[in-house]
Amino acid sequence: EPEVTQTPSHQVTQMGQEVILRCVPISNHLYFYWYRQILGQKVEFLVSFYNNEISEKSEIFDDQFSVERPDGSNFTLKIRSTKLEDSAMYFCASSDGQSSGNTIYFGEGSWLTVV
Amino acid sequence: TQLLEQSPQFLSIQEGENLTVYCNSSSVFSSLQWYRQEPGEGPVLLVTVVTGGEVKKLKRLTFQFGDARKDSSLHITAAQPGDTGLYLCAGHSNYQLIWGAGTKLIIKP
Numbered sequence: 001e002p003e004v005t006q007t008p009s010h011q012v013t014q015m016g017q018e019v020i021l022r023c024v025p026i027s028n029h030l031y032f033y034w035y036r037q038i039l040g041q042k043v044e045f046l047v048s049f050y051n052n053e054i055s056e057k058s059e060i061f062d063d064q065f066s067v068e069r070p071d072g073s074n075f076t077l078k079i080r081s082t083k084l085e086d087s088a089m090y091f092c093a094s095s096d097g098q099s100s101g102n103t104i105y106f107g108e109g110s111w112l113t114v115v
Numbered sequence: 116t117q118l119l120e121q122s123p124q125f126l127s128i129q130e131g132e133n134l135t136v137y138c139n140s141s142s143v144f145s146s147l148q149w150y151r152q153e154p155g156e157g158p159v160l161l162v163t164v165v166t167g168g169e170v171k172k173l174k175r176l177t178f179q180f181g182d183a184r185k186d187s188s189l190h191i192t193a194a195q196p197g198d199t200g201l202y203l204c205a206g207h208s209n210y211q212l213i214w215g216a217g218t219k220l221i222i223k224p
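Protein chains in written order, with our numbering: chain A, 1 to 115; chain B, 116 to 224.
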């Protein structure tokens, strides 16, 4: 069954460093998303991406964050100058935008620890 | 701000019992999805409900979307220890999902 894959599964980085989280969405999907979940808290929406541009973003997604689809298969989240509070599990997700309910499928997540 | 209230937050029952988890909102959603999440892993989709009043069954799990598309329920019949986990509801709004806080379910053998 097609799935969303994410790398790395776990990354430890020093405060102030830049991090790039990578995702390969399901191949025929057109909508891509990043969500995050701080330990013990709700899943939070960061950004959605369609047709090579951001369609919606949350207040969390400030200038520190950026997304890119550098080629036909990858979708990346870049966090510039990481802060301690950026430590969280980051989930990539995708949907085809056409199926009933526009079901969104999630990857396994990338666990980011900022020290 | 759209909110999705999920209840109960925690439920511990004996194997064989039935249970219902609720998701309620004052907002209308175009669709609602139920996920199950294991610690340290991503949410795994269980079902998507789209039409008001829709009922979907997945083995012993029954999902219902409210007539007004503002609420949903998950009913588990004859719960088994393998059902233990965190169950999340998420309502679809524009390009994002609005998440419930989750119901941590423990089924004791």
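Ideal Cβ placement from N, Cα and C applies to all residues, glycine included.
Based on Cα-Cα distance, which residue from THR76(A), VAL115(A), GLU85(A), LEU46(A) lies nearest to PRO8(A)?
THR76(A)
Would SER55(A) count as contacting chain B if we go by Cβ distances under 7 Å?
yes
Would the segment 157-176 of chain B count as touching the segment 119-128 of chain B if we require 3 or more Cβ pairs under 8 Å?
Because the criterion of three Cβ pairs below 8 Å is not met, the segment 157-176 of chain B and the segment 119-128 of chain B do not touch.
Can you tell which of THR5(A), VAL12(A), THR13(A), GLN11(A) has the C-alpha that lies nearest to the C-alpha of TRP34(A)?
It is THR5(A).
Note down, in chain order, each residue of its chain lying with its Cβ closer than 7 Å to the Cβ of TYR50(A), except the 5 sequence neighbours on either side.
LEU30, TYR31
Taking ARG175(B) as the reference, which of PHE125(B), GLU130(B), TRP214(B), VAL159(B) has the closest Cα?
GLU130(B)
Since ASP186(B) sits in a beta bridge, which residues does DSSP pair it with?
Partner(s): ASN139(B).
MET89(A): buried (16+ other C-beta within 10 angstroms of its C-beta) or exposed?
buried
Rounded to a whole number of angstroms, what is the C-alpha to C-alpha distance between ARG120(A) and GLU18(A)?
Lying outside 1 to 115, the shown extent of chain A, residue 120(A) is not represented and no answer is given.
Among THR192(B), THR135(B), ALA193(B), GLN211(B), which has the Cα closest to the Cα of GLN148(B)?
The candidate whose alpha carbon is nearest that of GLN148(B) is GLN211(B).
Over the uninterrupted beta strand (DSSP E) stretch that includes SER127(B), give me the two end residues.
125-129
Go through its chain and collect everything with a Cβ distance to SER127(B)'s Cβ below 6 Å, but skip five positions before and after it.
ILE221
How far does the beta strand (DSSP E) with ARG22(A) in it extend, from its first residue to its last?
19-24
Near-chain B residues of the segment 96-112 of chain A (beta-carbon distance less than 9 Å), N- to C-terminal order
SER99, SER100, GLY101, ASN102, THR103, ILE104, TYR105, PHE106, GLY107, GLU108, GLY109, TRP111
Work out the CA separation of ILE54(A) and ARG151(B) for me, nearest whole Å.
28 Å
Contact list for TRP149(B) against chain D, beta-carbon separation under 9 Å:
Protein chains A and B are contained in the structure displayed, whereas chain D is not.
In whole angstroms, give me the CA-to-CA distance for GLY181(B) and ILE104(A).
Cα to Cα, the separation comes out at about 20 Å.
Endpoints, the beta strand (DSSP E) within which ILE104(A) is located:
Counting along the chain, ILE104(A) falls outside any beta strand (DSSP E), and DSSP gives it neither H nor E.
Short of 9 Å Cβ to Cβ, which residues in the segment 202-223 of chain B face chain A?
LEU203, ALA205, HIS207, ASN209, TYR210, GLN211, LEU212, ILE213, TRP214, GLY215, ALA216, GLY217
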